[in-house]
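Numbering (this note's numbering), first residue to last: 1 to 122.
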């Protein structure tokens, strides 16, 4: 099995919104239909706990900074710059990037360049 990024999928909701997901499993039912088990990350405000359920054992982390940042181009014609999340050279308009496959894709597709200071390698 390849890198976890190899299992990235797009989840299309009934209203047309698209979420990034990670394929966990798939199965084919007796009628020949395929079903996919997919994990998606959502902001807490989009998730409602089930009354009476105990979530105290759910693994919880506190993220100090985003793993990567994309810095908007400094001038027209320049490419955005990819930084590690805590790079001191990251200034101006910054967009957080949570997933390695998205950061890697920005570089592979030559959409962004690598910061000369932090040299990110997602």
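For each residue, glycine too, the CB sits at the ideal point set by N, CA and C.
Go ahead and pull the three-state DSSP assignment for residue i.
i          : result
residue 46 : helix
residue 31 : coil
residue 20 : strand
residue 7  : helix
residue 52 : coil
residue 37 : strand
Quick check: is the beta carbon of residue i nearer than 7 Å to any beta carbon in chain C?
i           : result
residue 112 : The structure shown contains no chain C, having only a single protein chain.
For residue i versus residue j, is the C-beta distance shorter than 7 Å?
i           : j           : result
residue 12  : residue 40  : no
residue 117 : residue 89  : yes
residue 9   : residue 23  : yes
residue 73  : residue 103 : no
residue 28  : residue 36  : no
residue 94  : residue 71  : yes
Would you report the Cα separation of residue i and residue j, rounded to the nearest angstrom?
i           : j          : result
residue 76  : residue 92 : 14 Å
residue 78  : residue 67 : 23 Å
residue 50  : residue 43 : 16 Å
residue 17  : residue 33 : 23 Å
residue 113 : residue 47 : 36 Å
residue 82  : residue 98 : 12 Å
Considering Cα atoms alone, identify which of the options is closest to residue i.
i          : options      : result
residue 63 : 53, 102, 96  : 96
residue 65 : 84, 72, 53   : 84
residue 69 : 86, 53, 55   : 86
residue 38 : 21, 109, 106 : 21
Where are the beta strand (DSSP E) runs, 3 residues long or more, that stay fully inside the stretch 79 to 116, in chain order?
81 to 84, 94 to 97
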